[in-house]
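Structure record follows, encoded as structure tokens.
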């Protein structure tokens, strides 16, 4: 099967608020949900066509894929004014990920060998999308840490610009890492699937 999973990022913004007092910092608020789309078919070729026809469209490529991860960053930063200095008060980064995975409705009645291939492929699709969510979680924590580390500025508008610059830098690094992961996965797809199939065959024989 030729299709490779890819991620989809939904842009989110950090909301800046000016406050006179600070609030204790916390870990990013992270949530993960799952969505599914149904496909039919009783041959490998039919399954491939169904994935091409029904798979989610990603913003990164504009094409359909057998799986996708919607990623949305958000949150807020508060500022603490003391005299002529403005510092970061509370930082709350939020991350929502939604993994979109295929569900084969003909699995129970399909040929045993095709079920075996599908189970191997669908497990790899899920692993791929879980890794996208994991990359996003890492960057949510990085963003929160880097925002907390910002030094005071002479005014809150100046500090707000620094917050925007840090946010832009971290999210751009996140996007590059996600794309790099997809490129590596795409390049190694055939060899990875053959390795997984052989491994599962060995387990069944055992």
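Residue numbers (mature numbering (1 follows the signal peptide of the UniProt record, and there is no 0)): -26 to -1, 1 to 180. We put the CB at the ideal spot given by N, CA and C, even for glycine.
For residue 123, does the count of other Cβ atoms within 10 angstroms reach 16, so buried, or fall short, so exposed? exposed
Indicate whether residue 35 and residue 103 have their beta-carbon atoms separated by less than 8 Å. no
Can you tell me which of 92, 117, 73 puts its alpha carbon nearest to the alpha carbon of residue 7? 73
Expected contact under 8 Å - CB spacing of residue 48 and residue 71 to nearest Å: The Cβ separation is near 12 Å, so there is no contact.
Using only the alpha-carbon positions, how far apart do residue 160 and residue 20 sit? Spanning the two alpha carbons is a distance of roughly 21 Å.
Check whether residue 133 and residue 53 have beta carbons under 8 Å apart: yes
Can you check whether the CB of residue 112 is closer than 8 Å to the CB of residue 144? no
If residue 14 and residue 79 are in contact, beta carbons under 8 Å, what's the gap, nearest whole angstrom? 6 Å
Counting along the chain, where does the beta strand (DSSP E) carrying residue 76 start and finish? 59 to 78
Check whether the Cβ atoms of residue 77 and residue 92 lie closer than 8 Å to each other. no
How far does the alpha helix (DSSP H) with residue 50 in it reach, from first residue to last? From DSSP, residue 50 is part of no alpha helix (DSSP H) but of the beta strand (DSSP E) over 42 to 56.
Classify residue 157 as buried or exposed, calling it buried when 16 or more other Cβ atoms lie within 10 Å of its own Cβ. exposed
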